[in-house]
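Okay, so the sequence shown: first residue is 14 according to the working numbering, each after it adds one.
This report refers to the structure that appears directly beneath it.
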Amino acid sequence: MVSPSQLMENQVFMAFASYTTIVLSKMMFMSTATAFYRLTRKVFANPEDCAGFGKGENAKKYLRTDDRVERVRRAHLNDLENIVPFLGIGLLYSLSGPDLSTAILHFRLFVGARIYHTIAYLTPLPQPNRALAFFIGYGVTFSMAYRLLKSSLYL
């Protein structure tokens with residue numbers, strides 16, 4: 014069993030913790046951005062959310078979709094679909110004793126790809142910008158999973 018003090022001495026784990034903090038902060042920003050666009054554009058998904066803007070039929074006009082809100086929401090959903098696997102696989106990978114420089118390369122590529130993916134999604138930049146960012150991040154997670162299974166396979 015690894016103690017918390019041993020984890021703090023593990024440079025790979027500390028790098029993982031640092032890059033995870035960055036990518037989770039970015040994902041939290043996406044929640045705030047979605048709320049910001051919903052409020053400033055008065056676009057809501059649930060009837061109770063529009064209660065402050067009117068009653069009855071008047072409130073129903075705020076129950077609609079908006080291109081900008083949907084774009085931010087889809088970018089946030091894409092973060093959820095990609096960051097969660099990175100967290101699990103990255104944690105196991107960081108505890109498997111990989112080379113520090115290789116691990117940091119994986120973490121930096123993933124975080125950079127996710128930030129660029131968000132920029133490409135929200136701007137919007139023409140394809141293949143967003144697709145390349147997605148596949149780089151996905152490839153990094155796959156690479157860590159492959160290295161983890163290759164070095165620590167106990168099936």
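C-beta atoms are modelled at their ideal positions from N, C-alpha and C, and glycine is treated no differently.
The structure presented is a predicted model; accordingly, all values stated were derived computationally and were not measured.
Next on the checklist: Closest to V36 by C-alpha separation, out of T47, F49, N91 and S156, would be which residue?
Outcome noted: To locate residue 36, count along the sequence shown from 1; it is residue 23. Out of T47, F49, N91 and S156, N91 has the C-alpha closest to the C-alpha of V36.
Next on the checklist: So the candidates are M21, Y151, R84 and F29; which of them puts its Cα closest to the Cα of G103?
Outcome noted: Mapped onto the sequence shown, residue 103 falls at position 90. Out of M21, Y151, R84 and F29, F29 has the C-alpha closest to the C-alpha of G103.
Next on the checklist: If you reduce the DSSP assignment to three classes, tell me which class L93 lands in.
Outcome noted: Numbered from its first residue, the sequence shown carries residue 93 at position 80. In the structure shown, L93 sits in a helix (DSSP, three-state: H, G or I).
Next on the checklist: Within a Cβ cutoff of 6 Å, which residues of the same chain sit near R84, ignoring the five residues on either side of it in sequence?
Outcome noted: Counted from its first residue, the sequence shown places residue 84 at position 71. Once the five neighbours on either side are set aside, R84 has no close Cβ partner at all.
Item to check | Cβ pair count under 8 Å reaching 3, the segment 45-59 against the segment 73-84 | outcome: yes
Checklist entry - Cα separation between L161 and S107? => result For the purposes of this step, residue 161 is taken as residue 148 along the sequence shown, with counting starting at 1. For the purposes of this step, residue 107 is taken as residue 94 along the sequence shown, with counting starting at 1. Spanning the two alpha carbons is a distance of roughly 9 Å.
Checklist entry - The alpha helix (DSSP H) with S16 in it runs from where to where? => result Locating residue 16 in the sequence shown gives position 3, where the first residue counts as 1. Premise fails: S16 is in no alpha helix (DSSP H) and is neither H nor E.
Checklist entry - Three or more C-beta pairs closer than 8 Å, one from the segment 143-152 and one from the segment 86-100: is that the case here? => result yes
Item to check | Euclidean distance between Cα positions of G125 and A46 | outcome: For the purposes of this step, residue 125 is taken as the residue at position 112 of the sequence shown. For the purposes of this step, residue 46 is taken as the residue at position 33 of the sequence shown. Between G125 and A46, the C-alpha separation is close to 19 Å.
Item to check | L10 - DSSP class collapsed to helix/strand/coil | outcome: An answer regarding residue 10 cannot be provided, because it is not within the stretch 14 to 168 covered by the chain.
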